[in-house]
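Heads up: the structure comes next, in C-alpha cells.
In mature numbering (1 follows the signal peptide of the UniProt record, and there is no 0), the protein residues as written are -25 to -1, 1 to 98.
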C-alpha cells in the first residue's frame, strides 16, 4: 500500500470518527502493545527466577481491555523440554519509561502456582 493511500485512509477515518475517537483508539492500542511487550520480558524474568529454569523465549502475551481501563492479560511460554509457564491477571498501570507493570498477576510453571505479584520491573 502506498503512503498516499495510507494517509488518505487515515484522513477518511478521522473525518468519519472524529479526532478524539481516533486518538483514544490509538492511545489504547499503544498501551495494549506496551503491556504485552513489557510483560513478555518481565514475566519471563520473574518465572525464570522463581522456578529456577530457563525459558525457551520471551513469553507470548495478549492484553485485552477490561473494565475501568485495566487490561486482562494472558501470557504463555515454555522451556526447551516443553514444560509450560504462564502469567495471567489484570494490569492496572504500565510505565514503559521506568519499565514497570502493576496489577494483579499470577505466575505458574509446570502446572504449579508460583505465586502472585502486584508489580514487575523497577518497582
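Cβ atoms here follow ideal geometry from the backbone N, Cα and C, with glycine treated the same way.
Classify residue i: buried if its beta carbon has 16 or more other beta carbons within 10 angstroms, exposed otherwise.
| i | result |
| --- | --- |
| residue 11 | buried |
| residue 99 | Nothing about residue 99 can be read from this structure; the chain reaches only from -25 to 98. |
| residue 5 | exposed |
| residue 78 | buried |
| residue 92 | buried |
| residue 21 | buried |
| residue 18 | buried |
For residue i and residue j, what's the separation of their Cα atoms in angstroms?
| i | j | result |
| --- | --- | --- |
| residue 75 | residue -3 | 24 angstroms |
| residue 100 | residue 54 | Because the chain here runs from -25 to 98, residue 100 falls outside it and cannot be looked at. |
| residue 51 | residue 28 | 15 angstroms |
| residue 16 | residue 34 | 7 angstroms |
| residue 70 | residue 31 | 26 angstroms |
| residue 3 | residue 24 | 31 angstroms |
| residue 61 | residue 36 | 9 angstroms |
| residue 83 | residue 94 | 16 angstroms |
| residue 96 | residue -5 | 32 angstroms |
| residue 59 | residue 81 | 14 angstroms |
| residue 87 | residue 72 | 32 angstroms |
| residue 43 | residue 7 | 14 angstroms |
| residue 41 | residue 9 | 16 angstroms |
| residue 57 | residue 98 | 31 angstroms |
Could you please give me the residues that DSSP links to residue i through a beta bridge?
| i | result |
| --- | --- |
| residue 60 | 52, 84 |
| residue 95 | 76 |
| residue 6 | Paired residues: none, contrary to the question. |
| residue 44 | Partner(s): none; residue 44 has no beta bridge. |
| residue 38 | 48 |
| residue 66 | 46, 78 |
Is the beta carbon of residue j closer than 8 angstroms to that of residue i?
| i | j | result |
| --- | --- | --- |
| residue 89 | residue 26 | yes |
| residue 67 | residue 45 | yes |
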